[in-house]
Structure formats: structure tokens, C-alpha cells
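Single-structure report; data block below.
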Amino acid sequence: MAVPGIGDAVSRTEDQRFLTGRGNYVDDITLEGQVYALVLRSPEAHARIVSIDVSEALALSGVLLIVTGEDWQREGFGHIPTKSAVRTNRDGSPIAEPPRHCLAMDRVRFVGEPVALVVAETAEVAASALALIEVDYESLPAVVDPVAALADGAPQLWDDIPNNLCADFELGDAAATDAAFAEADHVIAIDIANNRVTAVPIEPRGAIARYDADSDSFELYNATQNVHANRDTFAEQVLGIDKRKLRQIAPDVGGGFGVKNGVYPEPALILYAARQLRRPVKWINTRSESFLADTHGREQISKVELALRADGTFLALRTTTTGNIGAFCWTVGPFTPTGGSARTQGGPYAIGAMHYQAKAVFTNTQPLDPYRGAGRPEASFQIERVIELAARELGFDPVELRRKNLIPRAALPLRTPMGLEVDCGDFPQVFERTLAMSDRGGFAERVAASRARGRLRGFAIAPYLECTGGAPNEYAGITFTADGLIELAVGSQSTGMGHETSMPQILAARLGVPLEDIRYVQGDTDATPIGGGHGGSRNLEVGGNAVAQAADEVIDKGKAIAAHLFGTPLDRVSFEDGRFLVPQTNHVLTMPEVAVASLDPGRLPEDLQPGCLNTGSTFARSAIVVPNGCHAAEVEVDPQTGIIEIVGYWVVDDFGTIVNPLLCDGQVMGGIAQGIGQALLEHAVYDADSGQLLTATLLDYALPRAGDIPDMAIEYYEGAPTEKNPLGVKGAGEAGCCGAPPAVVNAVLDAIKESGVTNIDMPLKPEKVWRAIEDARRAG
Amino acid sequence: MQDFSYQRPAALTAAIEAFEQAEDGRFLAGGQTLLPVMKHRLATPSDLIDLAGISDLEGISIAGSALSIGAMTTHARVASAAEVHDAIPALAKLAGCIGDPHVRNRGTLGGSIANNDPAADYPAAVAGLNATVYTDRRRIAGDDFFTGFFETALEEGELITRVEFPVAAAACYQKFDDPASGYAVVGVFVSRGSQGVRVAVTGATPCVFRMRDLEAALNRKFTPETVSGFCVPEEECNDDLHATAAYRSHLVGVMATRAVAAITDGEM
Chain A
1 MAVPGIGDAV SRTEDQRFLT GRGNYVDDIT LEGQVYALVL RSPEAHARIV SIDVSEALAL
61 SGVLLIVTGE DWQREGFGHI PTKSAVRTNR DGSPIAEPPR HCLAMDRVRF VGEPVALVVA
121 ETAEVAASAL ALIEVDYESL PAVVDPVAAL ADGAPQLWDD IPNNLCADFE LGDAAATDAA
181 FAEADHVIAI DIANNRVTAV PIEPRGAIAR YDADSDSFEL YNATQNVHAN RDTFAEQVLG
241 IDKRKLRQIA PDVGGGFGVK NGVYPEPALI LYAARQLRRP VKWINTRSES FLADTHGREQ
301 ISKVELALRA DGTFLALRTT TTGNIGAFCW TVGPFTPTGG SARTQGGPYA IGAMHYQAKA
361 VFTNTQPLDP YRGAGRPEAS FQIERVIELA ARELGFDPVE LRRKNLIPRA ALPLRTPMGL
421 EVDCGDFPQV FERTLAMSDR GGFAERVAAS RARGRLRGFA IAPYLECTGG APNEYAGITF
481 TADGLIELAV GSQSTGMGHE TSMPQILAAR LGVPLEDIRY VQGDTDATPI GGGHGGSRNL
541 EVGGNAVAQA ADEVIDKGKA IAAHLFGTPL DRVSFEDGRF LVPQTNHVLT MPEVAVASLD
601 PGRLPEDLQP GCLNTGSTFA RSAIVVPNGC HAAEVEVDPQ TGIIEIVGYW VVDDFGTIVN
661 PLLCDGQVMG GIAQGIGQAL LEHAVYDADS GQLLTATLLD YALPRAGDIP DMAIEYYEGA
721 PTEKNPLGVK GAGEAGCCGA PPAVVNAVLD AIKESGVTNI DMPLKPEKVW RAIEDARRAG
Chain B
1001 MQDFSYQRPA ALTAAIEAFE QAEDGRFLAG GQTLLPVMKH RLATPSDLID LAGISDLEGI
1061 SIAGSALSIG AMTTHARVAS AAEVHDAIPA LAKLAGCIGD PHVRNRGTLG GSIANNDPAA
1121 DYPAAVAGLN ATVYTDRRRI AGDDFFTGFF ETALEEGELI TRVEFPVAAA ACYQKFDDPA
1181 SGYAVVGVFV SRGSQGVRVA VTGATPCVFR MRDLEAALNR KFTPETVSGF CVPEEECNDD
1241 LHATAAYRSH LVGVMATRAV AAITDGEM
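Shown next, in the form of C-alpha cells:
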């Protein structure tokens, strides 16, 4: 059994279970006596609830409980709070945070909003009961477009929130930016829309709640990304119970991407139902419900302006965004289009002045919350699109224009005009390496070959810079057992990323033990005192460093035990390659030997107790780190149909130290796949009049399939490990979503540049591409 | 899904009998449309009569100068059968691009054409190859089988048993598929046989149809260039979330041109 090292491509230990269908997801769990809950969801985008008649549904045999908003209000339960880091408008007033109850009270504001909960002996009976509940809705005008929602006279979602404006935000120096624009030789402006998408995790959301009357306590098995924070909200802010009496467990979770991070109403509803009925209650969303009831992502409409000197030097960037946040603030919804997109404005380019302004707007749509990247992909798309347009309009080579303006290595560390501390990296080197991989020398020949087949070939390069970290504290606990196992418990949690491999790999490398000796525990509020869940590509950066820190504490304690057993002073004991030893002597003890001794009172010094090697350690990150990299894409366009094929894809990422390149490749590929999905295929569309979600099935919402994703060449630049954390790591999970959309979209626009088309909004569906070319041809 | 009774007869006569006795019976021929509809409770039959147990309805054979395919033959089998590849490779290709592997392993020829989804692939082959549909009661010419939007010439309880496709000298199916559903946004089936050229279009309009004026022109001069000048008017095309009528109208021309070009290239 080999000891893995940091940097080894260790295969995922959890894959045996996942690939043979033996994963343990919420729906795989059956508790004795369990009953089934379904949610009645609003079919109306905006309506007053005149009355709800549940009598016929309640009379159905097998129906156990029906809960409406009125019942919920009578119980006096609290609403679900917003935790947006942006809390004030630019004038200092608080942002608008309307109350979000678990069930609609007197009004529904989006299709899919929970109106009632039905619990029955079987899911089939519950479904029949749903159909028997009679809700009398009085329809109100709906608005789904955030720009339209801001206009005077638009339908109002909240009586006390004028113009549906949730937050009015700015960051940067407006005066300096205006001054730079005034002095610029060129100003290039582009209007772009970042399309609304939904994550579609392969496992729909679901939960099982159990109540134990003897101890007056609850267990909640929930497909969530964030057991601790959500437990606290359910207990303290919604149900009003002692959080120590609510244990939340996330078993295997089949994908999250941010949408399982927030606080949803359904688990709170079934916790209540379980207590009322004294029986375990299971609720599992259908795929159709997932489209309606999982938070959506993106949807920003922006004007991006770039000021340049005549020689192409960037002087200033001004971005004005309208972000749709749906009908409620949800968990951190207002943050994404405001602070979330502000911090990484300008990407890895030297731009002297920047100003970012954004309005977060309520509409009659499913609320939006973080989705893989949560604002940074939008920022990356904004800068790369305006640069591409500047190159085109001003006659610069797009590669040269980018090269000229990248922040040089010597300029680091620096603080951007947006306040982001960029500590390390080598953006020019990463850029040149990506270019070299993409075989620019052979491009002209490939263009000619494509043209001979009636296809147009294009290329684009897209450097990106983002920032990662998420919740700032994470816990790692290490427990040595009598049977020689080491139990590692971490408060963050995998939704498929491979923590069961990567976290033990760090511990194994640090302690010099094989992976097989480590048992990994995650996703359980009882297993760790705190936990920051998963979000902001934080696990390796915060959780991984917690593991390393805890391991170092174990080593320090182990030295005291070894010194006692060796009969030597503590300062003479060192730890190398998994062994405690005294140099130049034959005193050697392995970590497992010391671990066995740590459980034996006869072998410990007087001041140490059995179990003394066990450690629980909380790591607090200092600042968010700044992953960066460069994507490049080559595409072929069929001008007769508009069909796009990505024929080449190259990436160099700077994630600092790479702990496991195999798992890292998976993160990069997954992020790029979702980025390509957004660029070419995915679009959550609401009908402008009715407010109905038109893309509510997989027949209508186009997810990328394996065949839509090209082979990609992935390399890492490891020359700049960050000093912001001991492992020197930078988050890898969301970077693909930052680089892929601009690389793909700009490559397509490059391919069709002879048509004169300079912008097509994502997704670049074939019809849009064909139509843009046709329209340009007719106009030209 | 609401409760229903399920039967899996082994003989055609038993299936018909079961249907006649059922209060609101439906035949199950793969279920790739019916089962999702039932899950949404949009169809609530009292009885499902699964035809998968009737071996007579399954299989592929050469009958003279025609290829005979049993109604319950799956798309996957048609796509991979040597007889189909040898006789009408375009038909094998068509079957292989229906939906995804799950659909192809369950969905059947009979189920597809009985449903007559306007975006389904098989109707283009039936019309484009001048196939004959055999039922438990009669034979129906391919041209008479598809009568409208989700409508066919089938009578209540009438069961397709097999479809006979005349072997054409050359044929090609060009499909522009929707990236989400895999259905044909536009699919054009062109065949060239002893009885002339056929051009059948699916996806573009509410029901599969033949472009007879284009067929006549291609009978005179079978070149890709001939296709230009013949189009399906925008007003007749479907217009939905996935494609506008104008785009569909345009795609018919592109797909037809490519189908003719592929046949021409193959013959040269």
C-alpha cells in the first residue's frame, strides 16, 4: 500500500461505488414507516390567492396531512433570511429584502412557488391529492424581463418596493473612470446579455425528515451542499427549535453547482410534517419540478465600455448591469449581479480605472442564486467581449491587443481598481503557453481546408482571472481508532468532486500513511462542529488547508509521544517521510506505531491521556485567492445552417499547487462543459406575457451531451503557488465557466467575421448564427 | 401515473381481444411517448396491452424486392441489422439517429408511425420510400397513411403488423436535429428508385409530406442545383421555441440539397 504524495494523480476511491450504482443518495434511503410528501406549486406567475380548498384532497384515502400558507402562518414560523454580502445600496440605504415564507401566503410571484404540502401514505396518493386541491387564483400582470421590470408602470411584485428594485450597487472610482474616458482616443461599447441557465444536477433535490418524540429531536437527510448553515437556518430562523436538536446529513449528493447551496423551503416543510405525523417524511423533486424549483443562474444584461489609447492601451472600463434575481432574494441572490460580478471586472488586464454599477431586479420568475462562478463568469465574458469588439473595430489583432494589456508578472502583487488583491501569477506566460499549444502556425492552412468544405473556421483566446474562497472557516478532525484506522472528518462536503480522495490524499501525504488507512467522513452536522459547505471553489483552499493544519498538529503531538518512548528530549525528535526519529540514532517509530501508543496509557507520558493524538482544527483563510488561466478555442461554422463545431480546445490554468491533477482535470472539464453549454445551447426562457417557463423539460432545455464537448488539452502553470494559504492552492471548480463562454463565442464571431456580424447573444444556437449572417448579408 | 392494468399477450388475436374488452385500452409499442404522457397524467388508460410479447410482430426480412420490418422491431435493431444496411442503408442511418440509445432500445417502428409525431423520423422514410403499412385488417399505402397532425389512417383498435419498404437504388436521409430532444427540426428523405424520385419532409410542417414538384424536377435532372428554387413556404412551416418557420423553410432546402448531393456523390 503506497503512500500518495501531493501532486499524484490518485484515482477516485469513491468511483467504484458510484460507477456500479451503489451510491447512497437520499432517494436510496428508506426509513421505517416513511410517508411521502409532494409540493403543490403555483401554475401562475403572479396572482392573488383568493382561496384554497383542501377538503376534497384531505378526504382521499391515504392522505395524512395538507399544509397551506395559512397553516404555516398560524404556527408562527419565520421566513427564510437572505445572506447576501451586499447589504446596502450605493446611497447607503439597505437593499430590499422581502420576506420569503416556505409557503405562499396570499400571493404567488412565480410559476413553481410552493403553495401547499401534501403528505400521504404513498407518492401516488399524494399526487392524486395534489390534483384535488382547489386554489382560486386571481391573476395579476406579470413581468419576467429585468429591464422591463425597472420601468415605471411595470407590474409590481412587492407593494413597498418601487420599480422592483432590490439593490442599486456600485464599486470603483466613477470620477477617475469618467476622466479616463474623457481623455481616451477610442471608446468601444457593447451591449451583451448573459443568458439565464439552470444547473440540472443529475440528482434532483430531495430530503427525508425524521422526528423522535422521546428526545424531541430531528434528523434530516438532505441533498444539500451545505449541512451546517442550512441546519442553522431551518432550526433557528424558520422552525424556532434548538439547532442542537436537528442533525442534518447529506449522503451522496449527485451534483450541486451552487443550486443545492441555498436554503429551500421543502426541507423545513417536511421537518414540520414529520413532527406532526410522528412518521418519517420523504420528499423527492421530479425532474420537471427541478426546472421550476431549483434556483437559476446568470441573466445579466450589461453595457460594457472600454476606453483605449490610440496604441491600444486600455485606460478604463465601465460596466452597467441589470441583473434578474427572480421573485425573491433567495439565499444570496442579490450578491451575484452586484458584488459577485464586480470584484473581477477587467480580468487579468492592466486597466487604470474601473467603475461597476448594477441593479438587482425582482421579476415574476424562479429566483436566481449562485451557479458555478456566481458573477465571475459574467465579468469574464464582459471584458473579453468588449476587447474582441475593440480589436475588430479598431483594426488590432485580437491576440496582440490582449498580449499588450496583460498585467506583467513584475507588477504583482497589486490591488485592482475593484479592490481585489492579486498576489501572484504569470499571466503573460500562461497566455503564451496557451497560444503555443493551439498551433497558430497551422491555422491558415486549417482555415483554407475548412473553406474548401464550405465551413468557416475561427479562433479566439480568452485569458481569465477569478477569485475563490467561499465561507472563510473550515474544520478538519482526525481521530485514531484502535483498529488502526484514521478517521478524517471535514466540514465541507463533496457533491461529486472527489473529496473522499483528495482530502485523505493530503492527510496521507502529510502523515506518511497509505490512503487505505483513512476513513473519510463528511456531510454530517454531528461529525464536525462547524462546516462551510461547498461554494466558491472553497474545499481545497479552506478544507484542504484545514486537513494539512490538523495533520501538522498531529505530528507535533506525535513527537511528544515519540520523545517519551525514545527517552530523548522533545527537541531532538524530527518527523520525516512518515517516521518519527532521532537523527544519528536508531530511534525510529512510524506514524501508525505512535498512533497505537497514543491509545495505550502505559506508553504515554504522565501528562498525556489516551486519545491525545486526536485533533480537531479550524483553518481560517486570510483572503480570497485569485486563480487565473487562459482558454483558447477553434471552431468551425456551417454558414448554411449555423451549426457550430468546436474543433480545438486548449487551457492552461494557474491553480497554484496541484494536489491531484486527475481530479483537477475533472473540474476543468466539467466547468468547460457547462461553459460550452451556456455559450451554445442552454437557455431558460420565460414567456413574456404569461410568465410560464417554456423550457421546463429536457426536451426543451438543451444540455450539452458528451458529443457536444470537444477533446481538450489541459495544462497547469505551477510556478506561482499562493502564499495566502499553506498548501499554496487556488480554487479550481468554477474556472472553466469563466473561460469557456468568451473563448467559444469569440471564436464563432471570428469565424463569421467576413459577414460583418460583431455580436450574437448566448446561446449561439444555429438559427441565431444563420440569421445574423443572413441579416448582415441583406443589410450589406 | 395512475393505476392501470397491464397485459402482455403472446399472440396478436389475444392483444386485439384484450383491447376490445378493455374499458379504455391502449396498445404499448415501446412506450417512448405514451409512458411520459401517462407519468404526467395526461393519458390515463385503464389497460395497457404490451405488444412486446408477440414475436410475430418483430423481425426483419427481405421479401422479394422489399424489406419487411415487423411493427415491434426496435430502432436499435433496424439501425444495426445487416439486412437493412445491405438493402436500404439510409433507413439504417435514420433509425440510428432517432432519440438516444435508451429510446432506440425501446422505441419501435410501429409505435413511431402510429403516433405520427410531426418531428418523428420514420414517417419520412415511409413516405420517402413509398412503403406499405400492413395492419391486422388491411394494407395501407405509405402516401395514404399519414393524414394530419398526430393523425393516421388507422382505425380504432387497428394494429400495424409490419411495414414493407421497397428497396430503392439510392436513398439518403438528412436531418437537422434539435440538440435537446433529438427530434427532427427538419428531416428530408430522398430516394431514387425504379419508380422515380421521392422527397419526403418531416419536422417542418404539422405532418410529413412529399415535395412533389421537386420530385418532378429531380426526375428530369437529379442534381443538387435542381433543389434551389423549390421551397416550402414559411407560412406552412411550424414555428416554435426551437426554430422559426423561416429557419425551417430554409433548412428544408439545405437538407434536400445535401441529400441529393450525397446520392449523386455516392453514384459517381
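Taken in order, these protein sequences are the chains called A and B. Going left to right, the first sequence walks through residues 1 to 780 as my numbering numbers them. Going left to right, the second sequence walks through residues 1001 to 1268 as my numbering numbers them. We put the CB at the ideal spot given by N, CA and C, even for glycine. What you are looking at is a predicted structure, and each value in this text was computed from that prediction instead of being measured.
Among residues of its own chain, excluding the 5 on either side of residue i, which ones have a beta-carbon nearer than 8 Å to its beta-carbon?
{"i": "A:Val659", "result": "Ile6, Gly7, Ser502, Gln505, Ile506, Leu540, Gly544, Leu727 and Val729"}
For residue i, which of helix, strand or coil comes out of DSSP?
{"i": "A:Glu636", "result": "strand"}
{"i": "B:Ile1263", "result": "helix"}
{"i": "B:Asn1130", "result": "coil"}
{"i": "A:Val389", "result": "A quick correction: the sequence has Leu, not Val, at residue 389 of chain A. It is helical."}
{"i": "A:Gly29", "result": "In the sequence under discussion, the amino acid at residue 29 of chain A is Ile, which differs from the Gly named in the question. Three-state result, A:Ile29: coil."}
{"i": "B:Asn1219", "result": "helix"}
{"i": "B:Asn1115", "result": "helix"}
{"i": "A:Ile672", "result": "helix"}
{"i": "A:Glu645", "result": "strand"}
{"i": "A:Pro114", "result": "strand"}
{"i": "A:Gln505", "result": "helix"}
{"i": "A:Gln382", "result": "helix"}
{"i": "A:Thr88", "result": "strand"}
{"i": "A:Leu103", "result": "coil"}
{"i": "A:Lys557", "result": "helix"}
Based on the DSSP output, what are the partners of residue i in its beta bridges?
{"i": "A:Asp311", "result": "A:Asp311 is not bridged to any residue."}
{"i": "A:Arg415", "result": "A:Glu421"}
{"i": "A:His534", "result": "Answer is none; A:His534 lacks a bridge partner."}
{"i": "B:Pro1166", "result": "B:Ala1066"}
{"i": "A:Asn195", "result": "DSSP output for A:Asn195 lists no bridge partner at all."}
{"i": "A:His296", "result": "A:Thr198 and A:Leu368"}
{"i": "A:Ile486", "result": "A:Phe480 and A:Ile518"}
{"i": "A:Glu715", "result": "A:Val652"}
{"i": "A:Thr320", "result": "A:Lys303 and A:Gln357"}
{"i": "B:Asp1047", "result": "B:Ser1005 and B:Gly1025"}
{"i": "A:Arg109", "result": "BP columns for A:Arg109 are empty, so no partner."}
{"i": "A:Phe459", "result": "A:Glu634"}
{"i": "A:Ser51", "result": "A:Asp136"}
{"i": "A:Leu465", "result": "A:Asn628"}
{"i": "A:Pro763", "result": "Beta-bridge pairing links A:Pro763 to no other residue."}
{"i": "A:Arg247", "result": "A:Glu219"}
Where does residue i land, buried or exposed, given buried means 16+ other C-beta within 10 angstroms?
{"i": "A:Ser755", "result": "buried"}
{"i": "A:Asn222", "result": "buried"}
{"i": "A:Asn261", "result": "buried"}
{"i": "A:Arg510", "result": "buried"}
{"i": "B:Thr1152", "result": "buried"}
{"i": "B:Ser1005", "result": "exposed"}
Kindly list the residues whose CB is nearer than 6 Å to the CB of residue i, restricted to its own chain and excluding five residues on each side of it in sequence; keep chain order.
{"i": "A:Gln300", "result": "Asn194, Thr321, Gly323, Pro337 and Glu378"}
{"i": "B:Arg1258", "result": "Gln1174"}
{"i": "A:Pro99", "result": "His79"}
For residue i, collect the residues of the same chain with a Cβ closer than 7 Å to its Cβ; drop the 5 residues on either side in sequence, then sort them by chain order.
{"i": "A:Leu60", "result": "Val125, Ser128, Ala129 and Leu132"}
{"i": "B:Glu1017", "result": "none"}
{"i": "B:Met1268", "result": "Low per-residue confidence applies at B:Met1268: pLDDT is 39, beneath 50, and the placement is therefore not dependable, though the value from the model is reported in the following sentence. Hits under 7 Å: none found."}
Chain E beta carbons: is any one of them nearer than 8 Å to that of residue i?
{"i": "A:Leu698", "result": "Among the protein chains in the structure shown, which are A and B, there is no chain E."}
**Request:** Would you check if there are 3 or more beta carbon pairs closer than 8 Å linking the segment 1117–1125 of chain B to the segment 1139–1159 of chain B?
**Result:** Yes, the segment 1117–1125 of chain B touches the segment 1139–1159 of chain B.
**Message:** Counting beta carbon pairs with one atom in the segment 513–520 of chain A and one in the segment 482–496 of chain A, are three or more of them shorter than 8 Å?
**Reply:** yes
**Prompt:** Do the segment 493–500 of chain A and the segment 457–467 of chain A touch if we need at least three Cβ pairs shorter than 8 Å?
**Reply:** no
**Asked** Are the segment 672–685 of chain A and the segment 701–710 of chain A touching by the rule of at least three beta carbon pairs closer than 8 Å?
**Response** yes
**Asked** Just checking, does the segment 261–279 of chain A make contact with the segment 211–220 of chain A on the three C-beta pairs under 8 Å criterion?
**Response** yes
**Prompt:** Taking one C-beta from the segment 287–297 of chain A and one from the segment 182–189 of chain A each time, how about it: are there three or more such pairs within less than 8 Å?
**Reply:** No: the two stretches stay apart, fewer than three of their Cβ pairs being nearer than 8 Å.
**Asked** With contact counted as at least three CB pairs below 8 Å, one residue from each stretch, are the segment 521–535 of chain A and the segment 462–480 of chain A in contact?
**Response** Result yes; three or more Cβ-Cβ pairs closer than 8 Å.
**Message:** Measuring CB atoms only, is the segment 197–208 of chain A touching the segment 384–404 of chain A, in the sense that at least three cross pairs come out at less than 8 Å?
**Reply:** Proximity of the segment 197–208 of chain A to the segment 384–404 of chain A falls short of the contact definition, fewer than three beta-carbon pairs being nearer than 8 Å.
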